[in-house]
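> With this note's numbering applied, the sequence shown closes on residue 158, and no number is skipped along the way.
Positions of the beta carbon are idealized from the N, C-alpha and C atoms, including for glycine.
Okay, handing you the structure first.
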Amino acid sequence: MSVLGMGWNSRATVEKAVALAKTVVQDGNTSKMTHLAVPAFKHESTLPVAVASELGLQLVWVSQQDMLDVQVKCQTFSQKTYSETGVASVAEACALAAAGRGAVLLVPRRAADHVTCALAEALAEGGAQ
Numbered sequence: 030m031s032v033l034g035m036g037w038n039s040r041a042t043v044e045k046a047v048a049l050a051k052t053v054v055q056d057g058n059t060s061k062m063t064h065l066a067v068p069a070f071k072h073e074s075t076l077p078v079a080v081a082s083e084l085g086l087q088l089v090w091v092s093q094q095d096m097l098d099v100q101v102k103c104q105t106f107s108q109k110t111y112s113e114t115g116v117a118s119v120a121e122a123c124a125l126a127a128a129g130r131g132a133v134l135l136v137p138r139r140a141a142d143h144v145t146c147a148l149a150e151a152l153a154e155g156g157a158q
């Protein structure tokens, strides 16, 4: 199972988010995409609901603690993101946390048009609850 993690700011659009997501999935060369993982602290945003619908993925809201638990696996460190959210890379942390124990990054964080995406692959059962 592969999980797409996504972060965004208030200037992001559904169209730009979907475009970046499709690029990241293509670069990850996976056909087992099932979930879009996003930070629970952005629960008021409608953007991930629309993106998940457009991509045909199940939406998973990832808690702050779950993102913190996988920080050691994140490959990208954004000082700005860390200062604002307490995590090094929201997209990578969401993807890794939702994919479950033993998950690895297939595509590290990519950023474009106020959106970030990363792709993680579950190596064991138990991800994306």
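For residue 139, which option in 127, 128 and 107 has the closest C-alpha, if you only look at C-alpha atoms?
107
> If we count the other Cβ atoms within 10 Å of its Cβ and call it buried at 16 or more, is residue 73 buried or exposed?
So residue 73 ends up on the exposed side.
> Can you tell me which residues form a DSSP beta bridge with residue 150?
Answer by DSSP bridge pairing, in chain order: 31 and 133.
> Taking the continuous beta strand (DSSP E) assigned at residue 120, which residues delimit it?
Run containing residue 120: none in the beta strand (DSSP E); it sits in the alpha helix (DSSP H), 119 to 128.
> State the Cα-Cα distance for the pair residue 85 and residue 112, rounded to the nearest angstrom.
32 angstroms
> Taking just the CA atoms, how far does residue 89 sit from residue 158?
With a pLDDT of only 49 at residue 158, under 50, the local geometry of the prediction cannot be trusted, and the value read off the model is given with reservation. If I take the Cα positions, the gap works out to 7 angstroms.
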